[in-house]
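Final position of the sequence shown in this note's numbering is 1182; the numbers increase by one with none missing.
Each residue gets a CB set at the ideal place from its N, CA and C atoms; glycine is no exception.
It should be emphasised that the depicted structure is a prediction, and the values quoted were computed from it without experimental measurement.
Structure record follows, encoded as structure tokens.
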Amino acid sequence: MSKGRSSNLGYPRIGENREWKKGLEAFWAGIIEEEEFLAQMKKGRLHHLQKQREMGIDLIPVNDFTMYDHMLDMAVMFGYVPKRYDYAGGVVPLSTYFAMARGNQNAVACEMTKWFNTNYHYIVPEFQDIKPILTENKPLLAYREAKEKLGIKGKPVMVGPYTFIKLSKGFDPLQIPAIILQLIPLYVQVLTELAQEGVEWVQMDEPILVTSLSEDDMKTVSYIYEQLHEAVPQLQIMLQTYFGSVTLYKEVIKLPVGGIGLDFVHDAGRNLEHISTIGFPQDKVLGAGLIDGRNIWRADLAHKTNLLSKITGHVDASHVWIQPSSSLLHVPISVKQETQLDTLVKDSLAFADEKLIEIKHVTDWLQNGAESIKEVLAENQTIIERVATSGARNRPHVHEAVASLKSDQIGRISNYEQRRQKQQNVWHLPILPTTTIGSFPQTTEVRQARNRWRKGEWSNEQYDQFIQAEIREWIEIQEKVGLDVLVHGEFERTDMVEFFGEKLGGFAFTKNGWVQSYGSRCVKPPVIYGDVEFIEAMTVKESVYAQSLTTRPVKGMITGPVTILNWSFVRDDITRQQVTYQIALALQKEVEALEANGITMIQVDEPALREGLPLKKTEWEAYLGWAVKAFRLTTASVKDTTQIHTHMCYCEFHDFIDSISDLDADVISIETSRSHGELIHSFHHHSYNKGIGLGVYDIHSPRVPAVQEMVKMIENALLVLESRQFWINPDCGLKTRGHKETIASLENMVTATRMVRNNVTATP
Ligand code: GLN
Ligand code: ZN
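Structure (structure tokens):
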């Protein structure tokens, strides 16, 4: 056998120019017919396969493509179509498939949630008493297509049984054994048909194995794979893990599978440590995830080959596949398109296509020795060094500022209770103060204005005047509605991270660096390539203008350091913690600038704090430690009378409420209208003594909530929270809502608040 092979785990679906997204949206809008749509999809799919073959990848994944989401594909393949969609059996029609993804007149969509700790969202399968059946063998169809059209013998990919079950809902944990017994025969049938077709290897994705699993979970996993092996021994399963190190390594390597894929990029080398200390079975193939599938940086090939030689010290080279650490779904397609980027930044990047080339180089190194890629290595070294030492990346004063941060607690001058009194003496807010989360409707008009200005059709003055007119209009509306604490409306921002990234040093923006977020929605995350620093005030102008129009307080509004980090592609030559501190120090200057200009209520949004939580619970404490410190760095230097607010878009706080409290924000606003019950429950069990605004209505729908509904919610919340700490606000920003419904909803919110106020007095 030759020494090692090159392999891929999954290729981005969206197409070089987002053809996939455009095709889907044209089909949904009725602009193209189903036949044309399917033809477009097929064209894209085959093109991706063709490209991978041209790059010389030995094991090319098939069935990684999807019309929407790979978990949804698994659900429909097994007939898990909830009753509300009127599905009559057989192959699930495309209309039903998209109804599950997006909802239709008769039925709401299935829930969507984050795929592990990525920004990709999958559709959550619902099991609810459905007896699974095999509606069609999707991996087989994908395999056949690649073979017939291109002569490629692909490696079918699917989500493995345990990950599939663990990520689904609509059952009690006690039912898991029964569900497994139903699903195993279906997986067996899929695998048997693949084996009959001549498939050699199947990639079974089980990223759940890197999360905190119990010994019992592991017993179930062993049972599943023993059953599969017994039923289809002729087929080789590559048990693929990613996003971190395998938790129960000793048990995982005993599973009866042909190969195990491990992530050698994330988790501080723990997989390598396991291989070196515990060993790796000589009869299995090792899928060596050497090239980062989640981030966009050019690999340091000297480092990668060095790592590989450590691996081959324990595993025979003939049993090693060189692959990305995860599917390339999480990175954009090709750097080639980035014609406007600074060369230095461009040179430091590798998107999906460049990563496959890197995989090929490392495979060559393994097969033919270092000499065979000598020139590649030399060039790579030159670029890596140039980037590492460049002035754009390294700003020594930023490093010094972070290094000189004291390890002792960064905190406000006085404790919360003292601050509260002082702030109340300044503001004299009524009990149950009303406010909003920050943004007001971004109408077509607002977006058009921004485009005109960006294209140079409008001067800065013209654009500023437009923004000021919007601010003026909404300050008037808020006063008329009777809100107590106002906002300027965020009309000058497209995106809450991009807006700050464009103004801070150390960020770059790609032209075409899109990645799929969910369904056809793609995002283009900012790139943090260098040390981050404050250059000039970013939000003072609009905030000061808004405050000049009213005697009521207007909240300053900035995005927090952890959210900026979690929604960007972050450099990997220094730790995420270091980068976050850099951002925090830059934002601290913004907070201070706001305060110096008379803005003394300042909201620092951290909607993405929770999503940065590590996959393993044992690592939560470390993450929360520096995340909290970064927030405090940003906000703690202000006077006692300056009120710090924060906002988070969820309310699953029970598992880290102490960290939330440690942020030491004077007021936190959170989303609760859709899960009020749960929240009330969690405040029964935990005490939280600072200001807290519970979202009293859901902003995700145009529906105007009735006064009585909100009265009920407020009264219920007052059963577990003190009236003096309680604020009234919608769930989140109102950017996606229309003008009319926003005003009507806020009017009802204020009416509801006044009704409750009449019946309560402030608790001391
Ligand atoms: N201030 C932001 C807004 O209102 C907060 C958005 C968010 O939490 N995602 O739009
Ligand atoms: Zn929110």
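So if DSSP puts residue i in a beta bridge, which residue, or which two residues, is it bridged to?
i	result
Asp623	Val577, Gln658
Ser640	According to DSSP, Ser640 bridges with nothing at all.
Gln1021	Met975, His1063
Pro479	Lys573
Met530	Ile541
Gly1113	Asn1147
Phe925	Ile946
On a Cα-Cα basis, can you pick out the residue from the options that is closest to residue i?
i	options	result
Gly711	Lys824, Tyr429, Ala517	Tyr429
Gly856	Ile1117, Met576, Leu585	Ile1117
Phe858	Tyr505, Lys501, Ile885, Trp876	Ile885
Asn1185	Ser743, Asp1084, Lys1158, Ser420	What the structure shows of the chain is the stretch from 419 to 1182, and residue 1185 is not part of that stretch, so it cannot be assessed.
Asp734	His1157, Gly1156, Val1125, Arg423	Arg423
Leu485	Phe445, Glu624, Tyr580, Glu1013	In the sequence on display, residue 485 carries Met and not Leu. Nearest of Phe445, Glu624, Tyr580, Glu1013 to Met485, Cα basis: Phe445.
Met492	Met576, Pro500, Gly448, Glu454	Met576
Glu644	Ile475, Leu456, Leu673	Leu673
Glu910	Gln883, Gly931, Val933	Gln883
Glu1133	Ile1146, Arg1121, Trp871	Ile1146
Asp1058	Gly829, Thr1169, Ile1086	Gly829
Arg994	Gln652, Ala649, Glu611, Asp685	Asp685
Gly588	Lys501, Ala457, Glu1165	Lys501
Asp701	Val738, Leu784, Phe545	Val738
Asp902	Arg1172, Gln614, Tyr538	Arg1172
Let me know the secondary structure DSSP gives residue i once reduced to three states.
i	result
His721	helix
Gly948	strand
His647	helix
Asn878	helix
Phe445	helix
Ala706	strand
Ser857	strand
Ile693	helix
Gly1043	helix
Glu544	strand
Pro591	helix
Thr1154	coil
Pro750	coil
Tyr936	strand
Asp1082	coil
Gln883	helix
Phe1049	helix
Thr1036	helix
Arg423	strand
Asp681	strand
For ligand 1, any of its heavy atoms closer than 6 Å to the Cβ of residue i?
i	result
Gly1151	yes
His1065	yes
Asp1116	no
Ser961	no
Ile855	yes
Pro1025	yes
Suppose the cutoff is 8 Å on Cβ atoms and the five residues either side in sequence are ignored; what does the same chain contact list for residue i look like?
i	result
Ala370	Outside the shown range of the chain, which is 419 to 1182, sits residue 370, and nothing can be said about it.
Ser630	Thr665, Leu1033, Lys1034, Lys1035, Thr1036
Lys1153	Ser857, Phe858, Pro859, Gln860, Glu908
Tell me whether residue i counts as near ligand 2, meaning its Cβ is closer than 6 Å to at least one heavy atom of that ligand.
i	result
Pro557	no
Cys1069	no
Pro579	no
Which same chain residues, not among the five before or five after residue i, have their C-beta less than 6 Å away from its C-beta?
i	result
Val945	Ala926, Phe987
His1072	Ser1100
Val1056	Glu1013
Trp438	Arg431, Ile432, Gly462
Ile709	Ala717, Pro742, Lys773, Glu776, Ile777
Asn535	Leu1033
Between which residues of its own chain and residue i is the CB-CB distance below 7 Å, once the five residues before and five after are set aside?
i	result
Phe1101	Val1138, Leu1139
Ala517	Tyr503, Ala525
Asn984	Ala1026, Glu1029, Gly1030
Ile1161	Ile895, Val899
Tyr580	Glu624, Ile626, Thr638, Val639, Ile642
Val958	Ala1011, Leu1012, Asn1015
His779	Leu719, Ile791, Val794
Answer with yes or no whether the minimum CB distance from residue i to chain C is below 7 Å.
i	result
Leu680	Although the question refers to chain C, the structure presented lacks it and comprises just one protein chain.
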